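2 protein chains.
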Amino acid sequence: MTEMKRPVTIQDVAREAGVSTATVSRVMSNPGIVAATTRAAVEEAIARTGYAVHHSARNLRRQRTGSIVALVPNLANPFFSQILSGVSATLSPRGYHLLIADTQNGPQAGGQLLHYLGHGVADGLILFDGTVERAHLAPGAGDRPLPPMVIACEWMEGLALPNVRVDNAAGARLAVAHLAGLGHRRIGHITGPAGNVLTEARIAGTRAALAQAGLETREAWFFAGDFSLDSGAFAAREWLAMAERPTALFCASDEMAAGFIGAVQAAGVEVPRDVSVVGFDNIEIAAHLTPPLSTVRQQRTTIGVEAARMVLGCIDGTVTGAPELVLPVELIARRSSAAPAA
Amino acid sequence: MTEMKRPVTIQDVAREAGVSTATVSRVMSNPGIVAATTRAAVEEAIARTGYAVHHSARNLRRQRTGSIVALVPNLANPFFSQILSGVSATLSPRGYHLLIADTQNGPQAGGQLLHYLGHGVADGLILFDGTVERAHLAPGAGDRPLPPMVIACEWMEGLALPNVRVDNAAGARLAVAHLAGLGHRRIGHITGPAGNVLTEARIAGTRAALAQAGLETREAWFFAGDFSLDSGAFAAREWLAMAERPTALFCASDEMAAGFIGAVQAAGVEVPRDVSVVGFDNIEIAAHLTPPLSTVRQQRTTIGVEAARMVLGCIDGTVTGAPELVLPVELIARRSSAAPAA
DNA sequence: CTGAAAGCGCTTACAG
DNA sequence: CTGAAAGCGCTTACAG
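Heads up: the sequence lines are chains A and B, in that order.
Read the first sequence against this note's numbering and you will find it ends at 342, with the numbers running on by one and no gaps.
Read the second sequence against this note's numbering and you will find it ends at 1342, with the numbers running on by one and no gaps.
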């Protein structure tokens, strides 16, 4: 009764069915090839014993791991939940496991990456972090062949890796053009973290749209943020202290927009009467804020789905080279942006 | 130049160093046991070849997988990001990989679970979903031994599984007592999804606190929600249409509270002047809403950390039986709750 | 302190 | 259509 039950192996099934392990294996992975009678016997033996294949063993033999690892810069950031959901939904039906690692957790970011680059860990990688050590990724860097990799959301300048991203500059242009179209002449920007490619692209888009509209680009109106709520609130304090304030702000993330709005509202400022705000991402709560937040929609589930498809394509050879998939963005005008006060 | 580099194996290193594979293996996992000279030679060979252990192979041999799987009901729900971050941060330094699966993704919820219960997939499971098929979990159900499991956040009535959760009823009592203490006599509740254990516990706490305060428990003031923003907004429409409205609402999630507040504000209702609102969770944006949201704080990172520790404890035998860790909650009074209008 | 050998649980050419 | 055998890349008693 209390005896430890040893997990049942393919050997047990073979013995039970009176066939070889090869036959059992065939019934599991290529049933058509085995005689109906034999197959039935094996299937019965499988049912009777409750056999389930041992994945580590199968994977070792097949020289694959059945796992894809997603490397995210910060798992605690809810921005990634929908993306990972898309990844998971794509991987799961194709029989792959999703391994998730936080580049902040490992001994050091580089260490994490190197570990997963090692063989026998994952069949492919999705990098959501453009700041990993480039040296590790140079084709033929270490002595071993690297598993297929795609970089999603972010990218690495000058490194030809399969890539899925959103048209960040276009998103910024859309936001700024929207504000200019409403009649704003003094438009500012809360940026993402310094050095980040998304930050640069959105700044570039902002400048381009400002120039296009014939508006001034004043450096003092570029507030340094880091995508977080707190950095939006911090920018709000700078904005409040300003002699000559921009009448509209494009924020590089919805979280910063929410942080900004919360902080200025606490100081008695009315949005959009006193200042118009446009975010980026279209996080779920954006539509439920007061006022509902105008923003640039970025389809996060799609990013995850496409990134997953791309690695799978690299693995099965369907995808070669370093394709770039740039997903479109869309402006969603809600109530946080309006014509400036007369 | 273009030749495919075969990954280097322990054999290559052994040959290179002029020792047996056993010695190489020992240098990697128990260096103290091998002579200094030999060790140096092996280490040099490892460096020269760029050898990295093949994890599948090691794991098969060691009869472990090195992975823990987290089964979440909905990966897209940002509620889990911080929890998973805590799990990852705990697992990573202990050398475990984190496998994440969405119970909605698989063929069916039960199928997913069964798959991960199979051997060779994971060394342990953390269930964040209390609605999985109980039959699969009954000790000794199938014919095979089950891997260690802990259930976190939720739990399963009458099933003795190691468990980490928060004191949900106490949280509800705190929230309702807070509102009663402010002078509210008509207090309502927006519930979680029907049938969920969290929902039940928070309803029970609400009723208990209402009774304790000598207040009426009116069924019409219990709005059916499902934790989502939209369900909060939906409840707001019901509330707005009511002849006799509660003056205060305890919402079983911050998202519902935000959805409720957004919707009533859009209808010209002022919070907290016209209605006080308390949420549950203390999500990051709670402090940045207007008004900042009063809520019951639930330490999500800690839940993840403790759940991970508990499975690891089950695996290494440190933890036995079915311990229950109930984490305390805390009321955070912000500006969305105040004394009712005179 | 080190090596030869067995074996983790599978899969897959290779014969027949 | 099926089986015997080799082998995926490691680790670990067992000898010495």
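Beta carbons: idealized from backbone N, C-alpha and C, even for Gly.
Since this is a predicted model, take the numbers as computed values, not measurements.
Neighbourhood of B/E1324 by C-beta, 7 Å cutoff - its chain only, sequence neighbours within 5 removed: Residue 1324 of chain B sits at position 324 when you count from the first residue of the second sequence. Contacts found: N1163.
Spatial distance of A/A141 from A/A45 (CA atoms): As a position in the first sequence, residue 141 of chain A is number 141, starting the count at 1. As a position in the first sequence, residue 45 of chain A is number 45, starting the count at 1. Confidence at A/A141 is low in this model, with a pLDDT of 42, below 50, so its placement is unreliable and no value can be given for it.
Against A/I285, what residues of chain B qualify as contacts under a CB-to-CB distance less than 7 Å, listed in chain order? The residue you call residue 285 of chain A lines up with position 285 of the first sequence. Correct list: L1229, A1258, I1285.
Express the C-alpha separation of B/E1154 and B/A1201 in angstroms, rounding to a whole number. Locating residue 1201 of chain B in the second sequence gives position 201, where the first residue counts as 1. Locating residue 1154 of chain B in the second sequence gives position 154, where the first residue counts as 1. Near 10 Å, if we compare the C-alpha coordinates of B/E1154 and B/A1201.
Pick from A/V197, A/A248, A/Q112 that is closest to A/F227, judged by C-alpha positions: For the purposes of this step, residue 227 of chain A is taken as residue 227 along the first sequence, with counting starting at 1. It is A/V197 whose Cα lies nearest to the Cα of A/F227.
Going by DSSP, what residues sit across from B/T1049 in a beta bridge? In the second sequence, residue 1049 of chain B corresponds to position 49, counting from 1. B/T1049 pairs with nothing; no bridge assigned.
So is A/T290 in contact with chain B if we call contact Cβ pairs under 8 Å? By one-based count along the first sequence, residue 290 of chain A stands at place 290. Interface residue, yes.
Using a 10 Å radius around the Cβ and a threshold of 16 neighbouring Cβ atoms, would you call A/Q63 buried or exposed? As a first step, residue 63 of chain A is located in the first sequence; it is residue number 63 there, counting from the start. Label assigned to A/Q63: exposed.
Residues from the stretch 1083-1103 of chain B in contact with chain A, defined by Cβ distance under 8 Å: L1084, S1085, S1088, A1089, S1092, P1093, H1097, L1098, L1099, I1100, A1101, D1102
Which class does B/G1304 belong to by DSSP, given the choice of helix, strand or coil? Indexing the second sequence from 1 puts residue 1304 of chain B at position 304. In this structure, B/G1304 counts as helix in the three-state DSSP scheme.
Have a look at the DSSP bridge pairing and note the partners of B/H1189. Residue numbering aside, residue 1189 of chain B sits at position 189 when the second sequence is read from its first letter. B/F1222, B/F1250.
Decide if A/P78 is buried, meaning its Cβ has at least 16 other Cβ atoms within 10 Å, or exposed. Residue mapping note: residue 78 of chain A aligns to position 78 of the first sequence, counting from 1. It counts as buried.
Please tell me whether A/S29 has its Cβ less than 8 Å away from any Cβ of chain B. As a first step, residue 29 of chain A must be located in the first sequence, where it is residue number 29. Not closer than 8 Å to any Cβ of chain B, the Cβ of A/S29 fails to qualify, so no.
Closest Cβ-Cβ distance between B/G1262 and chain A: below 8 Å? The count along the second sequence starts at 1 and reaches residue 1262 of chain B at position 262. For B/G1262, the answer is yes, since a Cβ of chain A falls inside 8 Å of its Cβ.
Counting contacts by CB-CB distance shorter than 8 Å, is B/A1076 in contact with chain A? Stepping through the second sequence from its first residue, residue 1076 of chain B is reached at position 76. Interface annotation, B/A1076: in contact with chain A, CB-CB separation under 8 Å.
Using a Cβ-Cβ cutoff of less than 8 Å, which residues in the same chain neighbour B/V1087 once the five nearest sequence positions on both sides are dropped? As a working note, residue 1087 of chain B is residue 87 in the second sequence. Correct list, in chain order: I1068, A1070, L1098, I1126, G1304, V1305, A1307, A1308.
Status (buried if at least 16 other CB within 10 Å, exposed otherwise) for B/G1158: Numbered from its first residue, the second sequence carries residue 1158 of chain B at position 158. Classification for B/G1158: exposed.
Same chain, Cβ closer than 7 Å to B/R1237, five either side skipped, listed in chain order: Counting from one through the second sequence, the residue named residue 1237 of chain B turns up at place 237. Around B/R1237: A1263.
Would you mind stating whether A/I353 and A/T21 have Cβ atoms separated by less than 8 Å? Coverage of chain A is limited to positions 1 through 342, which leaves residue 353 of chain A absent and any answer about it impossible.
For the alpha helix (DSSP H) holding A/F227, just list the boundary residues, first then last. Counting from 1 along the first sequence, the entry for residue 227 of chain A is found at position 227. Counting along the chain, A/F227 falls outside any alpha helix (DSSP H), and DSSP gives it neither H nor E.
Simplified DSSP state of B/R1237, which is helix, strand or coil: Against the second sequence, residue 1237 of chain B aligns to sequence position 237. Three-state DSSP puts B/R1237 in a helix.
Comparing the C-beta of B/N958 with each C-beta of chain A, is any distance below 8 Å? A question about residue 958 of chain B goes unanswered here, because the residues of chain B that appear run from 1001 up to 1342.
Buried or exposed: where does A/E255 fall if 16 or more other Cβ atoms within 10 Å of its Cβ makes it buried? Taking the first residue of the first sequence as 1, we reach residue 255 of chain A at position 255. A/E255 should be labelled buried.
The alpha helix (DSSP H) that contains A/A177, what's its start and end? Indexing the first sequence from 1 puts residue 177 of chain A at position 177. That run of the alpha helix (DSSP H) goes 168-181.
Going along the chain, which residues of the stretch 1041-1062 of chain B sit with their C-beta nearer than 8 Å to a C-beta in chain A? T1049, G1050, A1052, V1053, H1054, H1055, S1056, A1057, R1058, N1059, L1060
Where does B/I1152 sit, in a helix, a strand or coil, going by DSSP? Walking along the second sequence from the start, residue 1152 of chain B turns up at place 152. Position check: residue 1152 of chain B holds Ala in this sequence, whereas Ile was assumed. Strand.
Straight-line gap, A/T343 to B/E1216 (C-alpha atoms, nearest Å): The first residue shown for chain A is 1 and the last is 342, placing residue 343 of chain A beyond what the model contains.
Write down every uninterrupted run of the beta strand (DSSP E) in the stretch 54-131 of chain A whose length is 3 residues or greater and which is fully enclosed by it, in chain order. 67-72, 97-102, 124-127
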